[in-house]
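This report concerns only the one structure given below.
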Amino acid sequence: MLILGVAMATIGSGLLEGRDLSFAHEIVKGQLQRARMHAASKGELSILVVRTTGDKSWQRAAVFAVDPRSQNWSQVEPWRDLPGRIFVDPTYDPNSEPWDSKPISLSTAHLVTSAPSPPINDTGTTLTHATDYTTVAFYPGSGLLVDTNVALRLAAGRRDGGSVEIIGGSAPPNWVKLIVEKVSGQTKELLP
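In this note's numbering, the protein residues as written are 45 to 236.
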């Protein structure tokens, strides 16, 4: 009975994790698509912001737009939390993978992005770019505002103080990878 109980708990945990991963994937993919569509329809630079500090670091994201005249940022999609133990993987290095037009990581994307990056607000907390958040930005024509594709991976993990440890290390058993193509800004999904 004990062995059966442990087996059922393990299977149940795996099913919940799979459901959470699928839900998190839909959240991030949806926000990327909305940022791209906002850039195309409103003619404004649109930016997916991923929070990298605090209790929801690498699990919280929102979409902002930049007014072309004033350069002020306005929030166009609310902050969304990823479910369970699913994180945008801050340790993921897509440059180590074979790819025709190699993607860069989300944490590197802002280094080649000429978008403005002011302090922004999340529930009363002021966030500073490159310290508290990182971005994926779309030109008003909907193309990606970097010189190469951007890749981000969602995987299960756990917090260890201020850092995130991805379960399974560099080869987690369950993950979803989202590639944002530089020319079209479209999101392509890759599964293990």
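C-beta: ideal position from N, C-alpha, C; glycine also.
Bridge partner(s) assigned by DSSP for residue i
i, result
"tyrosine 177", "Arg95, His173"
"glutamate 233", "Leu222"
For residue i, the first and last residue of its enclosing alpha helix (DSSP H)
i, result
"leucine 150", "150 to 153"
Contact test: residue i Cβ vs the ligand PLP heavy atom, cutoff 7 Å
i, result
"methionine 81", "The model depicted lacks the ligand PLP and carries no ligand whatsoever."
CB contact flag (residue i, residue j, <8 Å)
i, j, result
"leucine 188", "alanine 159", "no"
"arginine 89", "proline 217", "Contrary to the premise, residue 89 reads as leucine rather than arginine in this sequence. Contact flag unset, no."
"isoleucine 71", "leucine 150", "no"
"valine 237", "leucine 198", "The chain is shown from 45 up to 236; residue 237 falls before or after that span and cannot be answered."
"leucine 92", "threonine 152", "no"
"alanine 106", "glutamine 119", "yes"
"glycine 128", "aspartate 64", "yes"
"lysine 73", "glutamate 233", "yes"
"serine 207", "alanine 83", "no"
Integer-rounded CB distance, given that residue j should sit under 8 Å from residue i
i, j, result
"tryptophan 117", "proline 162", "6 Å"
"isoleucine 148", "proline 138", "7 Å"
"aspartate 99", "isoleucine 210", "About 18 Å separates the two Cβ atoms, so there is no contact after all."
Enclosing beta strand (DSSP E) for residue i [first to last residue]
i, result
"isoleucine 130", "130 to 132"
"leucine 222", "219 to 224"
"tryptophan 123", "117 to 125"
"valine 208", "207 to 210"
### Query
If we count Cβ pairs, one from each stretch, closer than 8 Å, do we get three or more for the region 101 to 112 versus the region 190 to 197?
By the C-beta criterion, the region 101 to 112 is judged not to be in contact with the region 190 to 197, since fewer than 3 inter-stretch pairs fall below 8 Å.
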